[in-house]
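The block underneath contains the structure these notes are about, expressed in structure tokens.
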Amino acid sequence: MKYKEAGVDIDAGNELVKRITPFAKATTRIGADCDLGGFGALFDLKKLAYKDPILVSSTDGVGTKLKIAKEVSKHDTIGIDLVAMCVNDLVVQGAEPLFFLDYFACGKLEVGIATDVIKGIAEGCKQAGCALIGGETAEMPGMYKVGDYDLAGFTVGAVERENILPLKELKNGDAVIAIASSGVHSNGYSLVRKILTDNDIRFSDLVKGYDFTKTIGEELLTPTKIYVKQLLGIFSNSPTLASSKHPIKAVAHITGGGITENLPRVLPKGKTAQINLNSWQFPPLFKFLQDKGKVSTDEMLRTFNCGCGMILVVEREPANALISTLQKLGEQAFMIGEIIDGTEIKYI
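The numbering used here applies: residue 4 is where the sequence shown begins, and numbers increase by one.
Okay, structure coming up:
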């Protein structure tokens, strides 16, 4: 008996490595040469110009967005989501992502699908400026159904000790600025799928009345935005954040839990934010989900990003200049509130 008869194809795994090696090499950066196949992946931190670096790590997945990728048979962007969910969690602490590893698990390895997924991962790494230096492919018949797969990602970054975010010196009146999301990103998809099922809406449907230009499935598969290079460019205005041109005090990645749960994670005890709901409009996709699911605004704000993918807390005086800078970088940025005393987010 051979391993292949038990459902595991070693030759398919070798073919996958052969196909993805060029994608990994395209993410090469200082400190990593991206050779695949070793037992462990190496990164030379000494080659970087850090004086007093602190390593920051993050791991995540993309949840049931994978089920939509399977239903739509579109697998080339889900890897961008995987990278985004990890590296966006690093940059909010002021860190530069250095390298990334992935874990791809399936019931039966379909080399074409896996190649598309990992090609997307490599694209996400290029957008984030980090190296794809390794990963693992696990073919597990009996654990997953044929056609199903799961993803996890792992990233490590570095930040100078003096530049770690968030800062503690937040005060009342500090401005709260949002950077627009690209869509639902990679959270809340169990609720999304229930809304579609309850309304008998298929992923191939062209929904009218919400200015959609693609099918609902394609709209929902829009990749999570990666904010790394934009934010690192702003952070690097000076050696220390506290004296920079745009003194950013805190950054929150708005993921599962929405603004309601994520913004408080970067605020000191006794401080919260007052958010003006009239300062931006929910994008059409969120209006569609709210209407079809009869979801309350409070529930929307603690489930989805509602159009705000990143939130920054900055000094009031340079806030407008920072918004202008972000807009010049091609981002939609807008002021949504201010810091106040309290323990829970206040919406007005």
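No residue lacks a Cβ here, since even glycine has one placed at the ideal position from N, Cα and C.
- Taking C-beta atoms as the reference points, D55 and R164 count as a pair closer than 7 angstroms.
- Taking a C-beta distance under 7 angstroms as the contact criterion, A98 and G41 do not qualify as a contact pair.
- For secondary structure counted as the alpha helix (DSSP H) over 4 or more consecutive residues, the region 77-131 holds these complete runs in sequence order: 81-94 and 114-131.
- Annotation: E320 is outside any beta strand (DSSP E) and is labelled neither H nor E by DSSP.
- Secondary structure within the region 168-231: the alpha helix (DSSP H) runs of 4 or more consecutive residues, fully enclosed, are 192-201 and 219-223 (chain order).
- The C-alpha of I13 lies about 8 angstroms from the C-alpha of Y6.
- For G145, the closest C-alpha among the options K111, A87 and A44 is that of K111.
- Taking D214 as reference, the option from L280, I83, P287 and S76 with the minimal CA-CA separation is P287.
- Contact between A29 and A125 holds: CB atoms are separated by about 6 angstroms, below the 8 angstroms threshold.
- Residue state for R305 is assigned as coil, using DSSP reduced to three classes.
- The alpha-carbon separation between G137 and F46 amounts to approximately 11 angstroms.
- Annotation: V114 to A9 spans about 18 angstroms, alpha carbon to alpha carbon.
- DSSP places I71 in no beta strand (DSSP E) but in the uninterrupted alpha helix (DSSP H) bounded by K68 to V75.
- A distance below 7 angstroms separates the beta carbons of Q130 and I229.
- Around the beta carbon of A324, fewer than 16 other beta carbons lie within 10 angstroms, which makes this residue exposed.
- Taking a C-beta distance under 7 angstroms as the contact criterion, I348 and A336 do not qualify as a contact pair.
- Check the Cα spacing between K174 and each of Y350, G16 and V316: the tightest is with V316.
- Excluding residues up to 5 positions away in sequence, V94 and E99 lie with their Cβ nearer than 7 angstroms to the Cβ of L235 in the same chain.
- For D344, the enclosing beta strand (DSSP E) begins and ends at A336 to D344.
- DSSP places T263 in the uninterrupted alpha helix (DSSP H) bounded by G261 to N265.
- Residue pairing by DSSP places C311 opposite A183 in a beta bridge.
- With respect to the 7 angstroms criterion, T328 and G261 are not classified as neighbours on the basis of their beta carbons.
- Remark: C-beta atoms of I342 and K274 approach each other more closely than 7 angstroms.
- D92 and I251 have their C-alpha atoms roughly 16 angstroms apart.
- Beta-carbon to beta-carbon, I182 and E334 are separated by about 5 angstroms, close enough to satisfy the 8 angstroms threshold.
- The continuous beta strand (DSSP E) containing I136 extends over residues A134 to E142.
- When the five nearest sequence neighbours on each side are left out, the beta carbons in the same chain lying within less than 6 angstroms of the beta carbon of Y106 are those of E139 and A155, in order along the chain.
- With contacts defined as CB atoms closer than 7 angstroms, C128 and F157 fail to qualify as a contacting pair.
- Relative to the Cα of L194, the nearest Cα in the group Q330, P226, C89 and Q293 belongs to Q293.
- With at least 16 other beta carbons inside 10 angstroms of its own, A253 counts as buried.
- When the five nearest sequence neighbours on each side are left out, the beta carbons in the same chain lying within less than 8 angstroms of the beta carbon of N308 are those of S184, V187, H188, N190, I257, T258, G261 and I262, in order along the chain.
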